[in-house]
Amino acid sequence: MRMTVIGTGYLGAVHAACMADIGHEVLGVDIDGEKIRALAEGRPPFFEPGLDEVLTRATASGRLRFSTSLSEAAAFADVHFVCVGTPQQAGSDAADLRCVDAVVDGLAAHLTGAHLLVGKSTVPVGTTPRLAARLRGIVPAGCEVEVAWNPEFLREGFAVEDTLRPDRIVVGVTSPRADRVLREVYAPMLADRVPYVSTDPATAELVKVSANSFLATKISFINAMAEVCDAAGADVVTLADALGHDTRIGRRFLHAGLGFGGGCLPKDIRAFSARARELGVGEAVGFLGQVDAVNQRQRRRTVDIARDLAGGEFTGRRIAVLGATFKPNSDDIRDSPALAVAAAIHREGAEVRVHDPEGLHNARLAHPELRYENEPSGACAGADVVLHLTEWSDYRELDPVKLARVVRTPRLIDARNHLDMGLWRASGWTVRALGRPSPALLPGPARAGLALSRPSAAGRQRPPTARC
Ligand code: UGA
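Every letter in the sequence shown is one number past the one before it in numbering that gives the first Met the number 0, and letter 412, counting from 1, is 411.
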């Protein structure tokens, strides 16, 4: 099949490359000429594991080309996937649909004949008929355009895998013809027995926002439990393990810590709430306000614990931050909890040194006030407190004994509950985490064991060395 993919960000670039990989003829379109040049050369403009191979394969096959021209898109195919961003509006909870509208307007002016426009971006329920009416007002007489919605559930870091082997395909269509076209697009996945849910556009649009709302609720639920654990001296990791054994609950998305960020979950729950209020059912999703509040509170709690560990104030202190991206295996720093914490601590007067395996370029652009280091040891040199804020696997490989020689004081906050606390404590570190008891609160024997493994206060005040 021939198709265009309009918008080549995290979603569109992967979709375009994967559609070409399964045998379609694809034209990827974006207004950003630099991005288009990079993609045409087989270079992903962002970090996404596995994308470079698929992209190289697809461009070399001749089945994937790129352009900045919507008129070329209109002439190239009669199926068009819309993958542009729908960020949060400035000063409002609602989604900003200007990019979607601009694509529709720009494409419509060039269309002749019959076309199917398939939205993949996350949009408020009701967008499909609104865009269909908008198109009808622009396209020339005799041109027939149908709009369908086909939400995307890919996760950054696993985007290629999620696109090629999705756990379900959802389409919202208004005609059997659109359904047939989409079944043909996804024929290899359907042959692999991937569940295919064909429904009306409103339901399809809602599947996406309710899926993200459910995931966000699950994370905030366990983070709320972490707060209770802190007050009660209980351990949220063991709690989550025990809850997860119940297959009705499951262990996934029950990782307590700094909470969710990124370009999707935070803005999607706000946009969903805003749309529900417009529909007069704001109360039905009122809990999403709590989900958001619990999530924001984890950032403040982390700053508070860091201030406490730094001796009550940040002025004159050096703080190391491990992790800048909103999650590992991505270079995306949009609404990153790690950077929000780093920036807040900097505002309170600390010198903040940040390391991240892939996100330094983006972080530097967004927060030039912070200092960036290429190695974890550089970020930790002379630090009064080390904050582990994004759970890259690299950080699990760090040697706490060697790192203790680099810092000024071996104090760690594991805000992702991902490091081996016992190992770090046995290596002389004072470790705090969200929802996990600190040694002072542990029962007698455990406290005694930990106390034995901790060095004296004098031993903890080692001078920094250049490398670890
Ligand atoms: C999310 C959804 O998982 C995808 O299904 C969806 O397609 C995508 O949004 C989207 O709307 O496009 P993504 O934003 O890539 O995907 O990231 P997630 O893996 O969902 O993680 C989101 C945030 O939650 C991260 O900051 C992560 O650190 C945090 N998280 C995740 C937790 O704090 N605890 C957990 O247990 C899981």
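Heads up, the beta-carbon is just placed ideally off N, CA and C, and yes, glycines get one too.
In this text the structure is predicted, and so the values were computed from the model without any measurement.
Here residue 301 is buried, its C-beta having at least 16 other C-beta atoms within 10 Å. Excluding five sequence positions before and after residue 242, the CB atoms of its chain that fall closer than 7 Å to its own CB belong to 248 and 253, given in chain order. Straight-line measurement puts the Cα of residue 416 at about 15 Å from the Cα of residue 393. Annotation for residue 14 indicates a beta carbon at 8 Å or more from all heavy atoms of the ligand UGA. Note on geometry: alpha-carbon atoms of residue 234 and residue 8 lie some 39 Å from one another. With respect to residue 211, residue 268 sits close: the two C-beta atoms are nearer than 9 Å.
A straight-line Cα-Cα distance of about 6 Å links residue 313 and residue 306. By the criterion of a C-beta distance shorter than 7 Å, residue 397 is surrounded in its chain by 375, once the five residues flanking it on both sides are discounted. Residue 186 and residue 39 have their C-alpha atoms some 26 Å from each other.
Secondary structure within the segment 311–381: the beta strand (DSSP E) runs of 3 or more consecutive residues, fully enclosed, are 317–321, 350–354 and 370–372 (chain order). For residue 171, the uninterrupted beta strand (DSSP E) run begins and ends at 168–171, by DSSP. According to DSSP, residue 197 shares a beta bridge with 170.
For the options 298, 43, 159 and 125, the alpha carbon positioned closest to that of residue 201 is the one of 125. For residue 423, the secondary structure class from DSSP, reduced to helix, strand or coil, is helix. For the 9 Å CB-CB criterion, residue 238 and residue 228 form a contact. Counting C-beta atoms within 10 angstroms of its own C-beta, residue 373 has fewer than 16 neighbours from the protein chains shown and is therefore classed as exposed. In this structure, the straight-line span from the alpha carbon of residue 291 to that of residue 90 is close to 16 Å. Under a 10 Å Cβ-count criterion, residue 410 is classified as buried, with 16 or more other Cβ atoms of the shown protein chains found around its own Cβ.
Here the distance from the Cβ of residue 255 to the nearest heavy atom of the ligand UGA is below 8 Å.
DSSP places residue 65 in no alpha helix (DSSP H) but in the uninterrupted beta strand (DSSP E) bounded by 63–66.
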